[in-house]
Structure formats: structure tokens, C-alpha cells
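Everything on this sheet refers to the single structure shown next.
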Amino acid sequence: MAEPAALLVMGVSGSGKSTVGALLASELGWKFYDADDYHPEENRIKMGKGIPLNDQDRIPWLCNLHEILLRDVASGQHVVLACSALKKVYRDILIQGKDGALVKHDEPGKEGKLAEVKLFVVHLSGSFEVISERLFERKGHFMPPELLQSQFDTLEPPSAPEKFIQISVDKTLSEIIAIIVKALK
17 MAEPAALLVM GVSGSGKSTV GALLASELGW KFYDADDYHP EENRIKMGKG
67 IPLNDQDRIP WLCNLHEILL RDVASGQHVV LACSALKKVY RDILIQGKDG
117 ALVKHDEPGK EGKLAEVKLF VVHLSGSFEV ISERLFERKG HFMPPELLQS
167 QFDTLEPPSA PEKFIQISVD KTLSEIIAII VKALK
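Count along the sequence shown from 1, add 16, and you get the number used in my numbering.
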């Protein structure tokens, strides 16, 4: 497989996205972004009150993340993004923006092409019980464990033609990293 410009570590809250993403970026020498750091304050407040986000809450946030990925990839930077990206449409926004923005050309008559990010998806999957237990042990995060069921209800696991691998959260951190690194070769 040709090395992707960006790697998405996705899954429900508590699946280990941030931990895996940061460690993987360090291992690969890539830049790391945690999508949680880019939620607007309104989203954090809503989740903190136990109210699940809807598409209207998520789409501007995802568009912002797409712009960040596009900027870094265009400058030659490889990126790891930890982001729930629960629905296929959310992953599509990360790849091509909300409306499939075109690359602008200075030359008249030159057709623009879609400004897409080549994204490889790592889906960290696990049972509700295992991930719920992890969430109840986690301290200081704005996402309350009570919202986990809504995330499982929203989840659309990646499928063809998406480029992805699915890895069980039951594996050790070092096993997960090794599987991802091997998949990238």
C-alpha cells in the first residue's frame, strides 16, 4: 500500500483513540492532532450536560479538521488524527470537506480537482462492556460515560471502499501499534 498522507484513529469514546494516535504519531514521526481539542465550547458544554451531539454540532467541527488536514498534507506533513468519526459521512467530510471543495488554480481555464486528503482509517473496536468500564475509570474528560450508548447507536464501522483496518481494543497498546505500522507497509 502506498503510504497515506493522513491516518485517522477512530472509534467510540473510551476506545483509546488519543493514546493510540499520540503513540503512533511519535513512532512514525508524524504530527498528531486530537480532534477533542478542536471542539467548540458549545459542543463541550452540551456533552458535559449529557446531551449527545447531532450532525449540526459535528459538521462545522469536522470541516475545521478537514482544513487542518488539508493544510498539513499540502505542506508535505504526515498526520495522525484521533477523532470519533462515527459515521461514514463524517469520514467523508474529513477527506473532502462538506461540499467537496475544489483546489484553486491560478491558471485560467485550468479545471480544479477535489481537495481530498488521502486517509487511512484505523477503527478501534470493542464491546460496550469493555469500553464502558474504561470510561468509568477515566477522569477529567468532558465526555460522560452516559453518552457511550449514543455513540454505539451512531457508529457506522468503516467498510469497502474505505481504506481501513479494524483492531480490537482487547489487544495491548504495543500490539495495536505494531498492527498499524505493519498495515502501512
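For each residue, glycine too, the CB sits at the ideal point set by N, CA and C.
{"Check": "Look at the Cβ atom of residue 88, then the Cβ atom of residue 47, and state whether they are nearer than 8 Å.", "Outcome": "yes"}
{"Check": "Cα separation between residue 168 and residue 70?", "Outcome": "14 Å"}
{"Check": "Tell me the DSSP secondary structure of residue 137 in three-state form.", "Outcome": "strand"}
{"Check": "If you follow the beta strand (DSSP E) that residue 98 is in, where does it begin and where does it stop?", "Outcome": "95 to 98"}
{"Check": "With distance defined between alpha-carbon atoms, name the residue in 145, 56, 90, 49 nearest to residue 75.", "Outcome": "56"}
{"Check": "Please go through the same chain and pick out, in chain order, the residues whose beta-carbon is closer than 7 Å to the beta-carbon of residue 123, but skip the five residues on each side of it.", "Outcome": "In this prediction, residue 123 scores a pLDDT of 45, lower than 50, which makes its location untrustworthy; the coordinate-derived value is nonetheless stated afterwards. Counting only Cβ-Cβ distances below 7 Å, and skipping sequence neighbours, we find nothing."}
{"Check": "DSSP beta-bridge partners for residue 26?", "Outcome": "139"}
{"Check": "What are the start and end residues of the beta strand (DSSP E) that includes residue 201?", "Outcome": "Neither: residue 201 is in no beta strand (DSSP E) and is coded neither H nor E."}
{"Check": "Rounded to whole angstroms, what's the CA-CA distance from residue 170 to residue 43? Just pull it up for me.", "Outcome": "31 Å"}
{"Check": "List the endpoints of the continuous alpha helix (DSSP H) containing residue 209.", "Outcome": "This structure gives no information on residue 209, because the portion of the chain shown stretches from 17 to 201."}
{"Check": "At which residues does the beta strand (DSSP E) containing residue 103 begin and terminate?", "Outcome": "Premise fails: residue 103 is in no beta strand (DSSP E) and is neither H nor E."}
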